[in-house]
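One structure is given below, encoded as structure tokens.
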Amino acid sequence: MRMTRRTMVWGAAAAVLTLGLGAVALPDMVRAAAPSAGAAVEVWKSAGCECCDGWVRHMRAAGFDVTVHTVDDMTPVKQAAGVPDELGSCHTARVGGYVLEGHVPAADVTRLLTERPQARGLSAPGMPQDAPGMDMGTGQPYQVVLFGGAGGPQVFARH
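Under the numbering used here, the first residue of the sequence shown carries the number 1128, and numbering increases by one thereafter.
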């Protein structure tokens, strides 16, 4: 193999990445990014809901391909998606066979798509003030709940 300057530069860069990040870090980073890259998200929301629009911008910025459906009544959408009343929020979405209810952070969606738990989906119940799209900066903690699986709803993430 002929060693050119370009080959040596790329070889050195690979060695630095391997030594600096660890031999398994780079594949893990690539694997973690893959589920959200271009994943199709369909969102149903009421007209004029600015916080829902903010969540859509958050998801698009994270690399999701988002389609929005504006509806007059969200109740039938939530019922068809199997969202329990106590976990309801303002908008409902679907991605990769899962339901997303409310302002679930993109990182949690990526984790959901990576881990693929046996469940219906994730919810950020109510309207958490510091969740993506709400962005009020109050410092108030909130939880994201995995629902529709064995054992009932359980905390998936704390923010």
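Backbone N, C-alpha and C define an ideal beta-carbon position, used for all residues, glycine too.
As the structure is a computational prediction, the values presented were derived from the model and not from experiment.
query: Start-to-end residues for the alpha helix (DSSP H) that takes in E1242; result: 1233-1242
query: Touch test, the region 1267-1278 against the region 1189-1198, Cβ-Cβ under 8 Å, three pairs minimum; result: no
query: Three-way DSSP call (helix, strand, coil) for A1107 in this model; result: Residue 1107 is absent from the model: the chain starts at 1128 and stops at 1286.
query: T1219 classed as buried or exposed, judged by whether at least 16 other C-beta atoms fall within 10 angstroms; result: buried
query: Residues that DSSP places opposite V1287 in a beta bridge; result: The question about residue 1287 has no answer, for the chain in this structure spans 1128 to 1286.
query: Pair within 8 Å by beta-carbon distance, D1262 and G1181; result: yes
query: Closest Cα partner of L1227 within the set S1250, G1190, P1268; result: S1250
query: Burial state of T1265 (16 or more Cβ within 10 Å); result: exposed
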